[in-house]
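Letter by letter, the sequence shown follows residues -24 to -1, 1 to 184 of mature numbering (1 follows the signal peptide of the UniProt record, and there is no 0). Working notes, structure below.
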Amino acid sequence: MKKALVLALMLAFSLTQFAFSALAEDGKALFEKKLCIQCHGEGGRSKTSQYPHLAGQSKQYLTNQFASIVQGKRSAGSTVLMEKHPKLKEFNDKDIETIAGYLSSLPRKASPGEADAASITKGEVLFKNLGCPQCHGAGGKGMGEDPQFLAYPKLNGQHADYLFWQMKRILEGTRTNDHANKMREKFKAEKITDVELRSLASYLSSVE
């Protein structure tokens, strides 16, 4: 009886792994077919800070951002280029979910820039003092599978320059989707400077 149960569990696990692998392959194929790879890079690791790394990002966050872009709720910065993407209208909900699932399954890596150790240390202190871990997790690594926080992005390992400009646009009010307004209120209350935003970005990009 025990042997049969063990075999059944092993079979179920194998089938689950097979299904997961198949979905990942589907997501990878769509990511390349829909030309996402041209800007966001192979495996969701972009080569330029103009475009964000997507590898290892929260699936819920990715699907939410795509919806915001399609609906015109997020149009600051390079998002304008995505709005003009020739294949944008070809995406359906299943495509988006499949691609997001694939990207979220990939590992995140640090993207250390040219910031000095002092700036990174200052950024780490700021990140904690501002209460950022409450939504973005320790080191900006996210809050796991807590459903309350799946819509918040993981920030670790992202291009420092990309992070700086997103925070800057939130502070200036040119990025307003999702939780941007809440962040802007916090930044303004703390009188955040560009130098401090740079330090925050340098710290987060250095975290694996």
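Glycine included, each C-beta is placed from N, C-alpha and C at the ideal position.
- Inter-segment contact for the stretch 95 to 113 and the stretch 38 to 53 is absent: fewer than three beta-carbon pairs are separated by less than 8 Å.
- Straight-line measurement puts the Cα of Glu184 at about 23 Å from the Cα of Ile75.
- Here His155 is exposed. Its C-beta has fewer than 16 other C-beta atoms within 10 Å.
- Put simply, of His112, Ala94 and Ala127 the residue whose alpha carbon is nearest the alpha carbon of Asn40 is Ala127.
- With the rule of 3 Cβ pairs closer than 8 Å, the stretch 108 to 125 does not count as touching the stretch 52 to 72.
- Closest option to Leu82, judged by alpha-carbon separation, among Thr150, Ser44, Gly20 and His16: Gly20.
- Sixteen is the threshold: since fewer than 16 other Cβ atoms of the shown chains lie within 10 Å of the Cβ of Leu11, the residue is exposed.
- When secondary structure is reduced to three states using DSSP, Leu180 falls in the helix class.
- For Leu147 against Phe163, the beta-carbon gap comes to about 5 Å, under 8 Å, which counts as contact.
- For secondary structure counted as the alpha helix (DSSP H) over 4 or more consecutive residues, the stretch 12 to 90 holds these complete runs in sequence order: 13 to 16, 35 to 46, 55 to 59 and 69 to 80.
- Non-local beta-carbon contacts of Gly32 in its own chain, meaning distances under 6 Å to residues more than five positions away in sequence, involve Leu82, Pro83 and Arg84 in chain order.
- Annotation: Met143 to Cys108 spans about 12 Å, alpha carbon to alpha carbon.
- Going by DSSP, Tyr138 is part of the alpha helix (DSSP H) stretching over Ala136 to Glu148.
- Spatial neighbours of Met159 in its own chain (CB-CB distance under 6 Å, excluding positions within 5 residues in sequence) are listed in chain order as Ile146.
- Here Asn132 is buried, its C-beta having at least 16 other C-beta atoms within 10 Å.
- Note that the C-beta distance between Tyr78 and Phe7 is below 8 Å.
- For Leu106, the secondary structure class from DSSP, reduced to helix, strand or coil, is coil.
- Look at Asn153 here: in three-state DSSP terms it is coil, with no helix or strand label.
- For Gly118, the secondary structure class from DSSP, reduced to helix, strand or coil, is coil.
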